[in-house]
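What follows is one structure encoded as structure tokens, with my remarks underneath.
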Amino acid sequence: MSLFSAVALAPRDPILGLSEQFAADTNPNKVNLGVGVYFDENGKLPLLDAVRKAEAALQANPKPRGYLPIDGLGSYDQNVKELVFGKTSEPVTSGRVVTVQALGGTGGLKVGADFLKQLLPDSKVLISNPSWENHRAIFTQAGFEVGTYTYYDAARRAIDFEGLKADLERAEQGTIVILHACCHNPTGYDLTPAQWDEIIAIVKARQLTPFLDMAYQGFSQGLAEDGAVVGKFVAAGLTFLVSTSFSKSFSLYGERVGALSVLTQDKQEAARVLSQLKVKVRTNYSNPPTHGAAVVSHVLADAELRALWEEELGEMRTRIKAMRQKLVDGLKAAGVSQDVSYITTQVGMFSYSGLTKEEMVRLREEFGVYGTDSGRICVAALNSNNVDYVAQAIAKVM
Ligand code: PMP
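And the structure:
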């Protein structure tokens with residue numbers, strides 16, 4: 399009898415489990431469209447020039463690796479705050495927003511979840527239906543009951559906006575609502591600016607607690623355009639949380655660079671909130687790592703590197719859009735007569751293909767094309783060499 403004999407086997411993470419299956423597949427044509435990672439035209443994970451140059455600059459002046467403050471590298475926190483809210487914005491200049499470095503976007507969500515559990519122990523959490531599955535897991539592990547709000551209407555291949563509004567209208571005061579700021583994962587359908595205004599009005603009237611997840615800033619229309627939704631929440635006079643991830647936008651997945659920002663009412667409140675966020679960080683991992691934050695901070699603060707990064711981010715965005723179009727063209731060339739224009743309507747790294755679980759399994763087993771069982775494929779992993787093969791495979795299972 400072992401201490402651990404009662405431990406049940408946890409289900410495999412659906413997406414990382416898919417990558418393991420992919421690695422073991424011997425099909426020479428295999429394509430991994432499961433995990434949300436951007437690959438370049440050569441099918442390689444890019445190391446951005448802006449990152450390379452920032453690393454060279456840091457290396458030229460090497461620093462010892464002491465502990466960072468609990469809330470992370472000060473210059474990083476400041477630069478991220480300015481990116482998310484705007485350098486000259488009122489929240490930044492008045493000092494009522496606090497930003498703490500976090501271990502990726504996931505870390506930002508987790509620190510925020512732990513903080514909210516203490517503040518609003520009886521509140522429920524609502525995530526979109528469907529959502530990034532880790533949203534449910536993170537908030538459940540933090541002790542919350544997690545429900546969903548209506549989002550995607552599969553029959554119409556669109557957002558069920560009336561359903562979404564009705565669910566938020568019904569939510570109890572204080573309910574924590576996780577909102578994808580842009581590039582909705584997994585569907586690729588975002589609210590229009592006018593729809594955001596309506597959602598914000600409901601959030602305000604119902605006194606809900608908004609938590610924006612910004613994991614893909616810059617992948618839809620551009621950094622400023624995608625960030626505009628944060629400005630809308632500010633303009634509405636709301637206080638809220640935002641998690642940021644640089645995993646994709648800097649191609650720094652393994653460095654775990656992200657942040658949590660909390661917009662409070664005033665500077666004094668900000669100081670109290672920051673002190674509580676620091677307790678959450680301190681008791682989880684004490685303080686964050688140095689390298690990724692130093693790189694991102696260097697790029698954000700240096701005019702030349704920042705321009706280079708924005709250019710490289712723009713190239714990633716443009717290439718994904720081109721791949722969406724190539725996939726549509728390839729499907730048509732392969733004889734698909736159904737309307738597949740939704741592929742180019744959707745934004746961000748994913749396409750919700752509408753394929754059934756059985757079709758996704760066939761794609762995997764017969765063609766070595768890996769997407770999630772929900773029908774989500776990562777279009778950011780397509781390139782000129784694999785897109786036609788993927789299109790033909792999809793056409794055969796459709
Ligand atoms: N939120 C969403 C919606 C995501 O898709 C992801 C990444 N897959 C994250 C947060 C987490 O990002 P990170 O890898 O930086 O933790």
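End of the sequence shown sits at 796 in this note's numbering; the numbers just go up one at a time, nothing left out. Where a beta carbon is used, it is the ideal one built from N, C-alpha and C, also for glycine. For clarity, every value in this text was computed on a predicted model and none was experimentally measured.
Run through the DSSP bridge pairs and tell me what residue i is partnered with.
| i | result |
| --- | --- |
| Cys776 | Phe748 |
| Ala500 | Gly656 |
| Pro608 | Val575 |
| Asp551 | Ala556 |
| Ile525 | Thr546 |
| Asn430 | Tyr768 |
| Val495 | Leu661 |
Taking 6 Å as the limit between beta carbons, can you name the residues of its chain near residue i, skipping five residues before and five after?
| i | result |
| --- | --- |
| Val523 | Phe537, Phe542, Val544, Ile574 |
| Asp423 | Gly766 |
| Arg760 | Val795 |
| Cys581 | Tyr614, Phe617, Ser618, Val745, Gly746 |
| Glu757 | Val795 |
| Asp595 | none |
| Phe530 | Note that residue 530 is Trp in the sequence shown here, rather than Phe. Cβ within range, chain order: Asn583. |
Which class does residue i belong to by DSSP, given the choice of helix, strand or coil?
| i | result |
| --- | --- |
| Gly545 | strand |
| His578 | strand |
| Ser417 | helix |
| Phe631 | helix |
| Val405 | coil |
| Thr642 | strand |
| Val785 | helix |
| Leu753 | coil |
| Arg463 | coil |
| Ser739 | coil |
| Arg717 | helix |
| Pro687 | coil |
| Pro591 | helix |
| Met758 | helix |
| Asp469 | coil |
| Leu562 | helix |
| Ala705 | helix |
| Arg450 | helix |
| Asp520 | coil |
| Asn440 | coil |
| Asn425 | coil |
| Leu698 | helix |
| Ser649 | coil |
| Asn583 | coil |
| Arg568 | helix |
| Phe617 | coil |
| Asp411 | coil |
| Gly637 | Here residue 637 is Thr; the residue named in the question, Gly, does not match the sequence. Note: Thr637 maps to coil in three-state DSSP. |
| Lys485 | coil |
| Val601 | helix |
| Gly733 | coil |
| Leu507 | helix |
| Val478 | helix |
| Ala455 | helix |
| Val693 | helix |
| Ser400 | coil |
Compute the beta-carbon to beta-carbon distance between residue i and residue j, rounded to the nearest angstrom, for a pair I have assumed lies under 8 Å.
| i | j | result |
| --- | --- | --- |
| Lys515 | Ala535 | Incorrect: roughly 14 Å between the Cβ atoms, too far for contact. |
| Ser695 | Asn459 | Ser695 to Asn459, Cβ: 14 Å. No contact. |
| Leu658 | Val495 | With a Cβ gap of about 11 Å, Leu658 and Val495 do not count as contacting. |
| Ile468 | Arg654 | Wrong, their Cβ atoms sit about 16 Å apart, outside the cutoff. |
| Leu431 | Gly769 | 5 Å |
| Val433 | Ile413 | 6 Å |
| Ala793 | Val734 | 5 Å |
| Ala789 | Gly728 | 3 Å |
| Gly484 | Ser641 | Their Cβ separation, rounded to whole angstroms, is 18 Å, which puts Gly484 and Ser641 out of contact at 8 Å. |
| Leu518 | Thr607 | 7 Å |
| Arg555 | Tyr740 | 5 Å |
| Asp520 | Tyr547 | About 19 Å separates the two Cβ atoms, so there is no contact after all. |
| Ser492 | Val632 | Not confirmed; about 11 Å, so no contact. |
| Ala500 | Pro687 | Rounded, the Cβ-Cβ distance is 11 Å, inconsistent with contact. |
For residue i, which residues of its own chain have a beta-carbon under 7 Å away from its beta-carbon, when the five flanking residues on both sides are left out?
| i | result |
| --- | --- |
| Glu710 | Leu446, Asp447, Ala448 |
| Gly586 | Gln744, Val745, Gly746, Phe748, Ser749, Tyr750 |
| Val671 | Val496, Val660, Thr662 |
| Phe872 | The structure shown has nothing for residue 872, since the chain only spans 399 to 796. |
| Ala622 | none |
| Lys755 | Asp771 |
Distance cutoff 8 Å, beta carbons only. Does residue i sit that close to anything in chain B?
| i | result |
| --- | --- |
| Ser641 | You won't find chain B in this structure, because it holds only one protein chain. |
Whose C-beta lies closer than 8 Å to the C-beta of residue i among residues of the same chain, with five residues either side of it excluded?
| i | result |
| --- | --- |
| Gly752 | Ala552, Arg555, Tyr740, Gly773 |
Environment of the ligand PMP in chain order, Cβ to heavy atom below 5 Å: Going by the Cβ distance cut-off, the answer is Gly434, Gly502, Gly503, Thr504, Trp530, Asn583, Asp611, Ala613, Ser643, Ser645, Gly656.
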